[in-house]
Structures are given as structure tokens and as C-alpha cells.
Amino acid sequence: MTTAVRPATASAAATAQATPLLEVQGVSIVFGGLLALNNVHTRVWPGQIKAIIGPNGAGKTTLFNIITGIYSPTQGEVLFKGEPIQGLKPHLIAARGITRTFQTIRLFRGMTVLENVMVGLHHHTRSGFLHAALRLSLARREERWMHAQAMQILERMGLASMADEEAINLPFGLQRILEVARALATQPDLLILDEPASGLNESESRRLMDLLRSIRDEGTTILLVEHDMELVMELAEEILVLVYGTPIAEGPPDEIRSHPEVIAAYLGDEKLSAWSPIGRKM
Amino acid sequence: MRGFHSHRNEWGLLILALVVLLLGLFEIVQPGGRNVSSLTGNVITFNTLVRIGILTIVVVGLNVLMGYAGQVSLGQAAFYGLGAYISGILTTRAELLGIPGSVESSWWWPWLLMVLGMAFTGLFAFLVGRPILRLKGHYLAMGTLGLGIMIYILFRENLGFRASTINITGGFDGLVDIPRLRIGGFVLWPLSRYYFLVWLMALLSIALALNVVHSRVGRALRAIHGSEVAAEAMAVDTGDFKVRALVFSAVLASLAGSLYAHFQAAVSPGPFSFTGSLELVVMAAVGGLRNVWGAPLGVTVILVIEEFLRARGHRIFAGIGSEAEPVVFGLILILIMIFLPDGLTTSLRRLPRLWQRRPGRLPTTSQEARP
Amino acid sequence: MSVNAQAKQFLKKSRPTRQARTRQMALVAATVVLLGSIILYLGAQKQFGPLQYAQLILDGLRGGTIYALIALGFVTVFNVTGIINFAQGGFVMLGAMLAVTIHNGLALAGWPAGPRLAVAILAAVAATTLIGVLVERLTIYPARNAEPLTLIIITVGVYIVMQGVALIVWGTDAYSLPAFTTLAMQDKTIRLGTLIVKAQSFWIWGVTGVTMAVLYAFFERTMWGRALRACSVNRTAARLMGIRPDRMSALAFALAAAMGAIGGVVLAPATRPAYDMGLTLGLKGFVAAIMGGLLNPPAAVVGGILLGVIENVGAGVTRAGIKDIFAFIILIWVLLFRPQGLFGRQQTVEKV
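If you read the sequences in order, they're chains A, B and C. FYI, our numbering numbers position 125 of the first sequence as 125, with every residue one higher than the one before it. FYI, our numbering numbers position 87 of the second sequence as 369, with every residue one higher than the one before it. FYI, our numbering numbers position 258 of the third sequence as 911, with every residue one higher than the one before it.
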């Protein structure tokens, strides 16, 4: 059983790595009436923090759902560590090293904070019905380990004091952090976050940014969707812009910031910069 | 809940075991000519206690399936019936499968059947589980309903064969003359003896379920119930676990069915119909689905009510008596579902909380959360 | 290309992929062929000719129409409240039993045959409708925010109470209502060539047909009907328009109760109503509703008729005792292979 902290890998933006961690190749999907994603190509490199932005309904969550196996693309492939994963069941993809959080918080109701995180450790343990029912030593050992690991993660996130609270009783900002904690417990290679800062105030967002950076420094690649432009611009090393399911721009923040089509997509007006005080939070 | 470290459950088991033991001894010794029946004015008989034990086994499994894995089953009586019929058929008509009479009448045969029945029923649940459990919500409930009724009809209609050609299930009247269980020469009868076997099994079931629930598996099941999508995202193979929960509940139900067969010494399709499945769900729901102890509690409450109505009903309802039973039963069910939808155990657990209110305990900003 | 133009380009009409459709059609075809062969094989064992099948189908149409009516009751309630109303069969039973009691009472009071039957029927339907509203107000409304399972159990409880009360009031006896044509216990037999039909069957078809037509008109043409439909499509939006969902819920139950009672009343002369007739009828009506996808009234009607025919033919070629099993075989088949109903579109994926 491995510990929760990994050795740091060289964190870099678009380094000259041989293989990208995640590769989306020509993915399209049709949903009862709508071409939700249209020929999306993108790559995520190990150690990167990459963001996907775009107006609402642009298909960002849909893309995440395809990557994590909830949907199967009508066309195209998704490669993770070089292997195709499109169409695989979500739990198999999660077992390979991709974990995610959700746009609407999906904590496990009826379970405590600690228990929520312990579920994240599910994949690293294997005791089953029989082991549990008969209290075999494997089950007991794993239980102790899971408990300790989960507490460690909670301590790191500052949630340890609430370990036995019902998860849904937590204030909103902490629920978001808990979701990240739970995802971290799976020790993912790629962590996908769907609007992690949504509903957070200024200081909470800052804290989230620091957290994400430290997660990346420990070796987890991060792919996120966000509407908070400030956070995206500061945090992300590369940004993909999706509009109506089509990628219209991809590159480092500075490039995106001044990309005419991107500005047009958000405001329909080429003259207003997206990062003026008016247009800061989309 | 703190995993294996919660001692409340161990105490609970111990206390229950003691109560069971005491009641059993009381019935055997019968001090001053009194037994359980006389103590309760013939409302609760020893017979009732045995029935409570048998049904507890079924409902414990159902509780894990519905309360923890969150999968509705309106056909659980089918698994119960499978265990009963397997034990019944192969101890009275084993020649149908070419099993010699010497084996059929041996003392170890019914025990082997019990285990084989559990295996068979478990396998059956596994096979039908995968497709059925892909359904959700209403559809799952209806799927289990349909399956349960189909099996009941098969019981009732002798699997579709003409009784004159080959009598398997005994049709509407069922099977009789099922032997009692024995160990070597020691017969587990009369009731005062059988009672101990039944409750040993019941206590074991509760213990097993408690262990499962407070483990990685139990958390996975509760996660599935809480949010199936998120559970999948945490690498929980939801389909697999749901089927396992079903198999677990089916195996327990089959065990109970076998015990029932040797208890009644007869099996008929009646208890395994849709109404039977409903009764099981009611027992589970009334007791409280989110707690394993809800099972024995729910069974006890429902059976006591039934017995009370049967014994005293005519006095209260001026001559209507047992006919009033379903009405009262239904009304109680409705009332509990409206006012205590989480069942009795959860509501009882909340009582202490209501007294010790702890205002403002949770920090409201993330700043305060820093240790 | 500007973003707007791109957007326009992406909105296409929805059509399931060709691949999916052929697969579905192959599945249905395979089932039909398999089923058909089994039926024909078993029928041949009994030397069935086309006449026997025709008779079986004809008889099946009678039961099927009742199932269709019951199915409509389910669909109405489900559409508006999202609840599966287990008590639906109870409404059928109450309609039948109340009609019998009122009729017998009026007979004792010396009423002539025709009027007393008519009054009994109308009164029974009215009374059952009232009971339906009471049920909703007393048991559903207080629990309107509960989990679906809780509500299902509540409606089960309601059914248990209904059947229990029926047991107390009417006992286990089977009763009878005079046939509508002859106003006597013996019904008129009508011959269509060599086929035999009871006159009551025409009443069943006629009344059910009229009921459905009235229902259709109600939903399409009247204010209340449209309000009901609005509620089922989008509850919140309906509320914003000033429609009260709880009133709609009561109305839905009233309609379902009325439909159930009408079915029971028109069926009563053909069968022998008893306190427990509601259970199996309700379940089969429910299966028919599922065949219609639980949301599609006309499909539920077709489902009911289909169910009636299939189970009667099935029972005819095998044994009467296992007649009930066909409904559940169909149920499992539909749930596994076409949960959206026989005519439903493939559901769009749940939004995550």
C-alpha cells in the first residue's frame, strides 16, 4: 500500500515530453438534436495545469464526461497514457488513474466527511464481501490503513476537525474542498475538476489555487473547467477554448487573452477586452 | 460510525443473544407452568418468536440491499421461496432428481440442501441480477416485482407441468411432510429446540451484515446509494457491487426459506407472493433502512401488531377480528411512511440529538476550518 | 465563420442512428417470430385452427381494453406526480363493488331495472372519484416531498387498506352485476360468423372508447386539462403560470379513480367482482402502462390491448392457470429491452 504523497516530478508547461498523458483525437458527440462536441483535438502533458474555458453550453462538461467514460463519443478517440479509453466504463477509467469532481457537488449523502474520503481509497484496497463479513485480517488491516490515509488527507486539507460530520452538513466552500480531497485519495495521475471554484469567495478561491498548485507539484496533472477568469489566467499553463462544441483556440494564457475570436465569443464585441473589470468573471 | 471500532453493535448483539437465550430457557423450563404465551396473554407465542427469527434473516439481507445499496426489491419473497421449496422438494420428492431414498432420509441431507439452496439461489440472483440492476428507481422496483411474481406463479402452477404427469411443487396446496432437522439422532424439535437454531442463524446474519456494512464494501454500497455517478468516478464497480448486494440478500433469504420449510414441515406458495414481498419491504422500511438493527426491529413490530390483531382484534373491532388486520396494517404503514419515512431506528436515533443541540459548531468560512 | 453561423449549423433534427434503429427492429422481429412459432407450435398440439385463434384474440380484446383503461389511470397520475399509484387496482375494485351494492340497494327499494343500474353505475363512479381525491389529500399530499420508494410504499398501504375495508364490508364472496344489455344476470350472446362475443364486451369497448375520447378532449381542449399537461411537462414553469401542483395532483388522482371505476363498473357484469380483484388487474394495467413508456397515453392503450390479446392466446395454447405469467414476462422484456416503451424514443442520456 502506497503512501498518499508522491515524489515530485518535474513540473513544466508544454515540455518536450515524448507522450502526452491524455490525448483527445477528433472527438465528436451527438445528443438528441445537438452536435455537442465537434471534432475536438487536444493534449494534456504530464505535470501540466490545463484549463478549458468557453461560454455556457459549450460542451466542456460533456467533454469531461467522455473522458471519464460516462458518455461514449460518436466519433473520435481518447488516449490515456497511450491507450484508448473512450467507451470504457467509468470505474475502469478511474482505476487507470483519472479522477474527477463535479459541477454540482456530488458528495455521498448519508456518509461522513471521513467516509467520503475513504471511498476514494476504494481502488487501492480489495477486501470484499467475504472478507468483511468474516472480519478476516485483510479486511481489518485495510480498514486501519484506509482510516489513517484518509485522516492524513483531511489534515492536509484542513478538514480533520470535521471528520465525523455528515458531509452534506459542511458549508459549501468546504464541500468543494472535500470533493477535491476525495478525488485526491484515489492518487490520480490526472485530476479533472469541473468548476471547482464555482460558488467560492475570493479567499476560498485563492486557497483553492494554492492547493491545486501543490497537488500539481506532487505529480498530479490537472485539467479543469472554470469560469473564474482570474483564477484561470493565473493558474493555467495552457488554455483550450471551446465554443458550441468546437475548439477555437488553444495556447498559453497570454495568447488566449488577446485572441480575437475568443473575445468575440464571450462578448460578441471585439473591442471590449475580456479581462476588463466588467468582464472579469464570466 | 467508526468502522470496526464501534462497540455499540457488539453490545447490541450480546444483549440480543442474552434475551434470546433467556426467552428460550424460559420456554423450556416453564417456571410455575408459565411460558411465553401465558406471559403475553396468548398474544405472542413461542411460535411467533421463531417466526421473528426466521424473517429477521430475510429482512437483514433486504435491509442491506435496499438501505445500503439503495436497490429496491419488490420480489424478495421469491428468493425466500426458492430456499423453502428446494429444501421442501428434495426432502420429500428427491427421487425426481434420482436421489436414493437412503440419502433423502439421512440426517445430513437437509443440512446439505440448505447450503446447496443458498448456493443455487445466490447463483440465480447473480444471473438475473446483472440485467435487472441496470434499471433504476421505479423501473428497478417494477422489474423485481415482475420477477418475484413470475417465480411465485411457477411455484403455484407446478412449474407449468401437469400435476398428474409430474408433481414437483405441489401446486396451490404445496408440499407436506417435510422432515424436521436433526443432528445425528438428536432431533431439533419441538419448537423449544428449533428456536435456538433459528436464532443462532439470525444472530449470525445480523453480525455478518454489521461487518459488511462497516467495511470497505459497506462504504462502497452506501456510496452507490449516495451518488452512483460519483461512486463510479471513485473506481467503484457499481454494477458488480449491486449484484453482490443482491446475491448477499438472496443467500440470506434462501437460508431463511429452508429454516421455514423445516419449521412448518410444509411449504405452500402463499407466503411467497407479491403480498409476501410487500410484507418484507414493509418490515424493512418500518424498522429503518439505514440501520441493520432496523431489520429485527421492523420484523418484531410488524409481527407483534399482526399477532395482537389476530388475538385481540375481535374485542376491539366488535366481531370483525382478524379481518380488520389488513386495514390496521395498511393504516399503520401509511402513517409511518408519512411521519417517520426513515423508519423507526433512524427516528429513535435522532431523539438524543434533539436534546443536545449544539449550535454554531461548524465553522462558516474556510478560514475557521484551519486547524 | 462567425460563431453565430457555426451555432446555426449545429442544430440538427434528432434521429436515432441507423445502426441503433435496425438493431431495435431486429430485436422486435426476433421476439415476434420466436413468440409466434412457440404459440403456433403449442396451438397445433391442441389442433387449433384460425377460428380458435380468432376467438382467443377476440376474448383477449375484452380484457385488454380494461387493462388499457387502467393503464391510462397510471399514466395520468405518473405524468403529473411522478408516482406509481399502486392503489389504481383498488379504484377498479371499488367501482365494481360499489356499483353492486348500490344496485342491490336500489333493487330492494323497488327501483325498476334500467334506472337502478344506471344510477348505481354513475353513483359508484362518482363515489370512487371522491375516494380518489380523499386518498390524495390524506396520504399523498402530506408526503409529497418524500423519496419515491416511500411514496410507492404509501400507495401500497392505501391499496392494502382498500382491500382490507372491502374484505370487511363485502367479505370474500363474489358478487354480480346485471349485464347492461339484458339488465339481467344472463348476458346476450352475439355471433360474428362462428365467433362468439358477449354483448357486454361491446359495452366494454364502447364505454372505454368514449372515456378515452372524453379524456383526449379534456386534455387538449379544456383549461384544466391543459394545466394538467403543463404540470407534467414542467412543474416549476406551470407554477409560475399560476397553476397549483397540489391541485393538479388531486385532479390527477380524481381522474385516475374515475377511469378505474369506469373500468370496474363496465367489467363487473362480465366477471364476478370480489374484494381482491384489484391486485392482479392493477398490476397488469401497470404493465400496459410500462409498455407505453409510462408517459405516453395512446401507447399505453395499445399496450393494454396487446397485453390482453397475448395473455389470452398464451393461456389458450397452454393452461389457464399460468395466464398471469405472461404479463410479467412482457414486463421484464420491456424493462430490459425497451424501457422507453414500445413506441418511445430512445431517452437522451441523463445530464451529469
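By construction, the Cβ of each residue, glycine as well, lies at the ideal position given by its N, Cα and C atoms.
- Sequence-ordered contacts of the stretch 958-979 of chain C with chain B read T971, R972, G974, I975, D977, I978 [C-beta pairs closer than 8 Å].
- Straight across, the Cα-Cα distance linking I506(B) with K524(B) is about 8 Å.
- Pairing G467(B) with S446(B), the inter-Cα distance amounts to about 36 Å.
- Taking a cut-off of 8 Å on C-beta distances, the stretch 544-563 of chain B touches the stretch 452-470 of chain B, as three or more cross pairs fall below it.
- Its chain contains M209 as the residues whose beta carbon lies nearer than 7 Å to that of E234(A), once the 5 sequence neighbours on both sides are disregarded; these appear in chain order.
- Between the stretch 85-105 of chain A and the stretch 29-38 of chain A, the count of C-beta pairs closer than 8 Å stays below three; the two stretches do not touch.
- Residue contact check for H420(B) against chain C: a CB pair falls below 8 Å.
- Setting aside the 5 residues that flank it on each side, S555(B) is surrounded in the same chain by Y434, each with a C-beta closer than 6 Å to its C-beta; the list follows chain order.
- About 13 Å separates the CB atoms of G365(B) and G558(B); that is not less than 8 Å, and the two are not in contact.
- Per DSSP, the unbroken beta strand (DSSP E) holding L223(A) starts and ends at 221-225.
- For I843(C), the beta-bridge partners assigned by DSSP are V850(C).
- Contacts between V494(B) and chain A, judged by CB atoms closer than 9 Å, involve F129, A132, A133 in chain order.
- Between A832(C) and P922(C), the C-beta gap is smaller than 8 Å, which places the two residues in contact.
- Pairing W856(C) with M750(C) gives a Cβ-Cβ distance that is not under 8 Å.
- For H289(B), the secondary structure class from DSSP, reduced to helix, strand or coil, is coil.
- P84(A) sits in a strand when the DSSP states are folded into three classes.
- In the structure shown, G467(B) falls within a coil segment according to DSSP collapsed to helix, strand and coil.
- Contact between the stretch 611-627 of chain B and the stretch 326-336 of chain B is absent: fewer than 3 CB-CB pairs across the two stretches fall below 8 Å.
- Between A515(B) and T99(A), the gap from beta carbon to beta carbon is short of 8 Å.
- The Cβ atoms of L709(C) and V966(C) lie closer than 8 Å to each other.
- Rounded to whole angstroms, the gap between the alpha carbons of A799(C) and P623(B) is 8 Å.
- Residue pairing by DSSP places T246(A) opposite V243(A) in a beta bridge.
- In the three-state reduction of the DSSP assignment, T803(C) falls in the helix class.
- Residue environment analysis places G442(B) among the exposed positions, since fewer than 16 neighbouring C-beta atoms fall within 10 angstroms of its C-beta.
- Interface criterion met: the Cβ of T99(A) is under 8 Å from a Cβ in chain B.
- The DSSP-derived three-state label of K50(A) is strand.
- Taking 8 Å as the cut-off, the Cβ atoms of G576(B) and N345(B) count as close.
- Nearest to I843(C) by C-alpha distance, out of R790(C), Q853(C), A819(C), is Q853(C).
- CA-to-CA, the gap between K418(B) and Q353(B) works out to about 8 Å.
- For the 8 Å CB-CB criterion, P20(A) and V40(A) do not form a contact.
- In this structure, H756(C) and L830(C) form a Cβ contact; the two beta carbons are roughly 6 Å apart against a cut-off of 8 Å.
- By the Cβ criterion, the stretch 528-544 of chain B is not in contact with the stretch 145-154 of chain A, since fewer than three pairs of Cβ atoms, one from each stretch, lie closer than 8 Å.
- Your pair V480(B) and G370(B) does not check out as a contact, with CB atoms roughly 17 Å apart and the cut at 8 Å.
- DSSP places F996(C) outside any beta strand (DSSP E), giving it a letter other than H or E.
- DSSP places R715(C) in the uninterrupted alpha helix (DSSP H) bounded by 703-734.
- In the structure shown, Q75(A) falls within a strand segment according to DSSP collapsed to helix, strand and coil.
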